[in-house]
Amino acid sequence: MSALSKNIQRTIIIAFIIGTLAIGAVLNLHLRHLRQSEAFYRWILAFAVNERLFQEDRAVDADFDLFYQCAEVVDTLPEMTGLIPPKDESNTAPISALSVIASDYTHDKELWNFARSKEAAPLREEFLSLVRERKLRFAQDIQYAEAQAGGVNLFNFFFGFRKVAANFVWLEVDRYWHQGNTYRMITLMRTCVALDPQFIDAYLIGAWHLAYNATARMPDTPWPLREWHAKYEKCLGEKERFYYVAVDFLKDGIRKNSRNSKLYFDLGFSIYKQKLKDYPNAVKYLAEAVHFPHEQYVPRQLFLCLELNGQYEESLVGWKDYAARYPDNPVVQEVAPRFIARNEGFILEKLASNLRKKAREAGDQEEAERLNNEASDLWEQARAVWSSINDPFGEGRKMRMEALDMREEGRHLEAVAYLDKARWEASDLFDDFSNLIIEIKQEAGIPLTISEKKAVIRESEAGICAGMPEDEIEKRSQAAQELDAAN
Amino acid sequence: MNRIFSFFSGPASIAMYTYREGIRKKVLIGFLVLSLLVIFGSSFISSFLDPTTETDINLKLIKDICVTAIAIFGALITIYISASVVPGEVENKVIYTILSKPVRRIQYLMGKFLGAQLIIIVNLLLMGMLFFMALYLRQGVMPTLLLWSLLLTYFQFVIISAFTFALSCAASSPLVPTVGGLFLYITGNLTEYLKDVEHRAGQTGQMLDKIIGDIASGLYAILPNLQNFSLSTQIVTGQPNDPPADVLIPNLILYGMVYGLAGFACAYLVFWRKEV
Amino acid sequence: MAPIIKVENLNKIYESTFRGQDVHALKDLNLEIQQGEIFGYLGPNGSGKTTTVKMLLGLIFPTSGTIEIMGSKAIDSSAIKRHIGYLPEGAYYPDFLRGEEILHYYGRLYGLKGKDLKRRIDQTLEMVGMKHARKRMLRGYSKGMRQRIGLAQALISDPDILILDEPTTGLDPIARKEIRDILLQLRSEGKTLLISSHELLEVEMISNRVGILFEGVLQTIGAVDDLLTQRDMLIEVDGATEPILQDMTQSGFKVEDHIGTRLKLRLESPSAMSEVLDLCKSKSLQILSVTPRRESLEELFVRVVGAAEAARR
Chain A
-7 MSALSKNIQR TIIIAFIIGT LAIGAVLNLH LRHLRQSEAF YRWILAFAVN
43 ERLFQEDRAV DADFDLFYQC AEVVDTLPEM TGLIPPKDES NTAPISALSV
93 IASDYTHDKE LWNFARSKEA APLREEFLSL VRERKLRFAQ DIQYAEAQAG
143 GVNLFNFFFG FRKVAANFVW LEVDRYWHQG NTYRMITLMR TCVALDPQFI
193 DAYLIGAWHL AYNATARMPD TPWPLREWHA KYEKCLGEKE RFYYVAVDFL
243 KDGIRKNSRN SKLYFDLGFS IYKQKLKDYP NAVKYLAEAV HFPHEQYVPR
293 QLFLCLELNG QYEESLVGWK DYAARYPDNP VVQEVAPRFI ARNEGFILEK
343 LASNLRKKAR EAGDQEEAER LNNEASDLWE QARAVWSSIN DPFGEGRKMR
393 MEALDMREEG RHLEAVAYLD KARWEASDLF DDFSNLIIEI KQEAGIPLTI
443 SEKKAVIRES EAGICAGMPE DEIEKRSQAA QELDAAN
Chain B
6 MNRIFSFFSG PASIAMYTYR EGIRKKVLIG FLVLSLLVIF GSSFISSFLD
56 PTTETDINLK LIKDICVTAI AIFGALITIY ISASVVPGEV ENKVIYTILS
106 KPVRRIQYLM GKFLGAQLII IVNLLLMGML FFMALYLRQG VMPTLLLWSL
156 LLTYFQFVII SAFTFALSCA ASSPLVPTVG GLFLYITGNL TEYLKDVEHR
206 AGQTGQMLDK IIGDIASGLY AILPNLQNFS LSTQIVTGQP NDPPADVLIP
256 NLILYGMVYG LAGFACAYLV FWRKEV
Chain C
827 MAPIIKVENL NKIYESTFRG QDVHALKDLN LEIQQGEIFG YLGPNGSGKT
877 TTVKMLLGLI FPTSGTIEIM GSKAIDSSAI KRHIGYLPEG AYYPDFLRGE
927 EILHYYGRLY GLKGKDLKRR IDQTLEMVGM KHARKRMLRG YSKGMRQRIG
977 LAQALISDPD ILILDEPTTG LDPIARKEIR DILLQLRSEG KTLLISSHEL
1027 LEVEMISNRV GILFEGVLQT IGAVDDLLTQ RDMLIEVDGA TEPILQDMTQ
1077 SGFKVEDHIG TRLKLRLESP SAMSEVLDLC KSKSLQILSV TPRRESLEEL
1127 FVRVVGAAEA ARR
């Protein structure tokens, strides 16, 4: 082979290598752009869910400013504005169009396209710059070294084996749980989810540990020992704090995994419904859970919480739709008819009560009579519904209706006595009957017992604790004085 | 068409021979058996957890451990095979009997490289199959995301394999390219730090720091970044139909192919006029 | 007729990587090998034989000079390599393959396929006497069988040129003879063989021409008969007493061996024969045998290499 042809061949090979490395460099930059866009996209999802669902966590900070700049850009893009559903007039919360789009996971592709688009380029740059300066709350744990620049990232020493490391840390969490070492367990739980933000079960079980197991042997904190927490606007002791730590833990999980229904479900059902008895929030999060691929039991819990929250109409519609969708499901066959009947009963009672109230307020005698007759018809229909259910709950509701009838007739003492007996027979409605007794007594001016007074103080806003702001103390003191005066 | 066929028939024969010879190597079988033990054993690790909790943690444990085992052992197998296919033949003089035939050096290299890839793919499939079965028995559904994970893992191995292969063409024994391959694997996963260097260097404003920053930036752009393939572990436990993954996967496959080609071209540059 | 292999002013310098000395392995080598001959390429270890062979095969590249094979300088091309078969020294063949599978593999590398390949495998196995063991794995082969398979892979494409490096090393005498017979048969078919070997007796038996290399320089080259020109005679006589023995020694005759009254005389020139005959007649010695002897290739080799070493000093 001549020297010239050797040189030509060598040059061609070197040129080929340089060419492929150049293409590789272009791909490197493209992948970097994609990964930055992915970090940006996930931050948008995290902030959007925070804005839409966790309004109590809203603060005007770097995240807020950047997000609203994104929202402004989105408002100018036809391909994005076309995705916005018609405005729900009943929902007056100030939520950006971007958050509304992000609430529907079927629009994820469009959001992703926006995140990596040319129009979003300046926003992306600002996002990365803010992340490097650690100024974005919702981007701290996005697992890309790019987004975590600003220091040696220890996580990268695992060469991408962070998930396995998280699993082994979880084994330690389990070990500490069995040893009863709660505080170490909590620290490690946070380490787990820092290593692997997609570790859903760490969030779920972690929240369960916090809300249930860590507090299982703790008594309710006496009121004088409670402290005011500005974040939750509640007086909390150690036990109660754990519940809200669980809430925060799950919310953190939701921000990082906003498309996983289990997190919403656990927050709504396990924490808000079962532990905190906060039905409005329970409904809120369960309603989110059904927007994503979910287990069959999730909608049932939503309908139950709607019922508990007094949203009987929505609950009824939900149950009927559910029964129609899964007619062959044995659980549905057993449970749905009962709950449909319950909600029908509640609706009838509510309608009857409303008509009676209107009748009382009506100026015209004839109108009042007509309304009362209508109310009586509905009342009887409700009674018939409770009879048809044929279970202790139905019986309890009938007893309640009896008591309310007595109250209507002015037979307050009888009503109280009747309810006092009935609440031991219908244990499901014990709390409801107890509250009704207090209500009737207060209405009739009958003195409350000591335990009834305490219950009222617990439930009312009369409780004061250390650290409470002055205006809150003022409000509660006034309420306490009014209560004293009433009794 | 005939010419194309006859050009590739030599490499095809060499590839099959390389595969048949390589798949019998004891070290390889050792790595494979170890990985299968780890995959099989992952099912038992979950017994350390509280059996009363009904969660998917057991499944996640299995997935994460198996994906990691496949990544580690797969990388070891890749490096070992890629480092030994050519030096082994130089040591035992078989290369003389092949290069003295009407086989061009590029055909020889193609055959050896393809043979090594066949071995890697077969091992990956074996490990993947056991993993697949373990998941199917537990989950009862076909874990299709696992296939994508395996595919991405393979293309990561293509990059490691190609550059280790290039090193092996310059070496006379497998030891140096094996060490080189391990070094490539580790540094490929730490390329992200060059971004850190670039960023920090840019902050001081000094000339030398700026040059260092530019060099770091240039190296970051050119060198293959294996951290990009961390998606393969994410997608196994992540949500299906994740839009970024749908875009990243084809880009990563192309990325693996381009760098694999670059590595192979380096191997040819080294071997083209190498005196054997 | 044009030589089938022609080497002109071939030089090979192995450059040292660090500060060591460069090694000038071949110095202006000029060599021509004719078609249809067996050429014995000899030299001590490190003389440059393997270097030459590797350059002919394109495994290493000359520093300067030219190589022509079959009239073409493109020795690296497939067209030329198709006509060459090579058996390297001590090559390894994988144990797990069968005899015919090895040949199938190498045949494919030559571009053979289908029925052609099958036919050639059968013919080659027949030629090297390995048909009976074709289905056996190589791990069950003896050294001689492996060597035959090695020869078979070199012959699979029916090449015109065969380059063999130590084809009979480590084989038993019967195996050696069989290999020699194969090589002679190949020559009779018109093939050209280049044999590099330390088994000088065998090379002497089958080669047409030999070349002796020392420190990269071709010291001597030529037909075996032409090179081994030194002839002497060995005469064995009986009846030589001690005085006769002394007489002969004083007369300048070389006594090779002496047992009792029998002695062996070496005559370095044929003209001394008549003197000896006269002496035997006069002393009434009985002539037992007259054996003409020429120099062996080994003796030539030692002589040439020795002279070269002396000249170097």
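Residue numbers (my numbering), protein chains in the order written: chain A, -7 to 479; chain B, 6 to 281; chain C, 827 to 1139. Using N, Cα and C, we set each Cβ at its ideal position, and we do this for glycine too. Quick caveat: nothing in here was measured; it's all calculated off a predicted structure.
Are any of the Cβ atoms in chain B nearer than 8 angstroms to that of residue 176 of chain A? no
By Cβ distance, which residues of its chain are closer than 8 angstroms to residue 886 of chain C, with the 5 residues on each side in sequence left out? 838, 877, 880
Which runs of the alpha helix (DSSP H) fall wholly inside the segment 281 to 336 of chain A and span at least 4 residues, in chain order? 289 to 300, 304 to 317
Residue range of the beta strand (DSSP E) that includes residue 912 of chain C: 910 to 913
CB contact check: residue 5 of chain A to chain B, cutoff 8 angstroms: With 8 angstroms as the cut-off, residue 5 of chain A counts as an interface residue toward chain B.
Roughly how many angstroms separate the alpha carbons of residue 1114 of chain C and residue 1091 of chain C, rounded to a whole number? Rounded to whole angstroms, the separation of the alpha carbons of residue 1091 of chain C and residue 1114 of chain C is 11 angstroms.
By Cβ distance, which residues of its chain are closer than 7 angstroms to residue 852 of chain C, with the 5 residues on each side in sequence left out? 836, 837, 838, 874, 877, 878, 1042
Could you tell me the alpha carbon to alpha carbon distance between residue 1131 of chain C and residue 1122 of chain C, rounded to whole angstroms? Pairing residue 1131 of chain C with residue 1122 of chain C, the inter-Cα distance amounts to about 14 angstroms.
Residues within the segment 67 to 87 of chain B neighbouring chain A, beta-carbon criterion of under 7 angstroms: 69, 70, 73
Residue 21 of chain A CB to nearest chain B CB: under 8 angstroms? yes
Identify which residue in B:67, B:226, B:100, B:36 has its Cα closest to the Cα of residue 151 of chain B. The shortest C-alpha separation from residue 151 of chain B is found at B:67.
Selection of the segment 257 to 275 of chain B by Cβ proximity to chain A, strictly under 8 angstroms: So the list reads 257, 259, 260, 263, 264, 266, 267, 270, 271, 273, 274, given in the order they occur along the chain.
Nearest-angstrom Cα distance between residue 277 of chain B and residue 110 of chain B? 6 angstroms
To the nearest angstrom, how far is it from the Cα of residue 1095 of chain C to the Cα of residue 858 of chain C? 33 angstroms
For residue 992 of chain C, which option in C:1014, C:1026, C:978 has the closest C-alpha, if you only look at C-alpha atoms? C:1026
Is the Cβ-Cβ distance between residue 422 of chain A and residue 392 of chain A less than 8 angstroms? no
Proximity to residue 191 of chain B [Cα-Cα], best of B:253, B:161, B:65: B:161
is_contact[residue 10 of chain B, chain A] using C-beta, thresh 8 angstroms: No, residue 10 of chain B does not count as interfacial toward chain A.
Looking at chain E, is there any beta carbon in it that lies within less than 8 angstroms of the beta carbon of residue 900 of chain C? The structure shown has no chain E; the protein chains it does contain are A, B and C.
If you count every other CB in all the chains shown that lies within 10 Å of the CB of residue 1044 of chain C, and 16 or more means buried, which is it? buried
I want to know whether the segment 292 to 307 of chain A touches the segment 323 to 341 of chain A - three or more CB-CB distances under 8 angstroms. Yes, the segment 292 to 307 of chain A is in contact with the segment 323 to 341 of chain A.
Going by DSSP in three states, residue 29 of chain B sits in which element: helix, strand or coil? coil
With 8 angstroms set as the bound, which would you pick, yes or no: does the beta-carbon of residue 912 of chain C sit closer than that to a beta-carbon of chain B? yes
In terms of alpha-carbon separation, which member of A:185, A:214, A:183, A:237 lies closest to residue 201 of chain A? A:237
Rounded to whole angstroms, what is the Cα-Cα separation between residue 28 of chain B and residue 120 of chain B? 10 angstroms
Under the three-state reduction of DSSP, which class applies to residue 22 of chain A: helix, strand or coil? helix
What does the Cβ neighbour count give for residue 980 of chain C, buried or exposed, with the cut at 16 atoms within 10 Å? Flag for residue 980 of chain C reads buried.
Which value, in whole angstroms, describes the spacing of the CA atoms of residue 167 of chain B and residue 79 of chain B? 14 angstroms
In this structure, does DSSP put residue 16 of chain B in helix, strand or coil? Residue 16 of chain B carries a helical assignment under DSSP once its states are collapsed to helix, strand and coil.
My assumption, with CB atoms under 8 angstroms, is that residue 987 of chain C sits in contact with residue 1018 of chain C. Please give the rounded CB distance. 5 angstroms
Counting beta carbon pairs with one atom in the segment 267 to 274 of chain A and one in the segment 264 to 275 of chain B, are three or more of them shorter than 8 angstroms? no
For the 8 angstroms Cβ check, are there 3 or more pairs between the segment 117 to 132 of chain B and the segment 223 to 236 of chain B? no
Residue 461 of chain A versus residue 255 of chain A: straight-line alpha-carbon distance, rounded: 33 angstroms
Backbone secondary structure at residue 114 of chain A - three-state DSSP: Looking at residue 114 of chain A - three-state DSSP - the assignment turns out to be helix.
Residue 1035 of chain C versus residue 1129 of chain C - alpha carbon distance: Computed Cα separation, rounded: 18 angstroms.
To which residues of the same chain is residue 48 of chain B closer than 7 angstroms at the C-beta, ignoring the five residues directly before and after it? Once the five neighbours on either side are set aside, the close Cβ partners of residue 48 of chain B are 67, 139.
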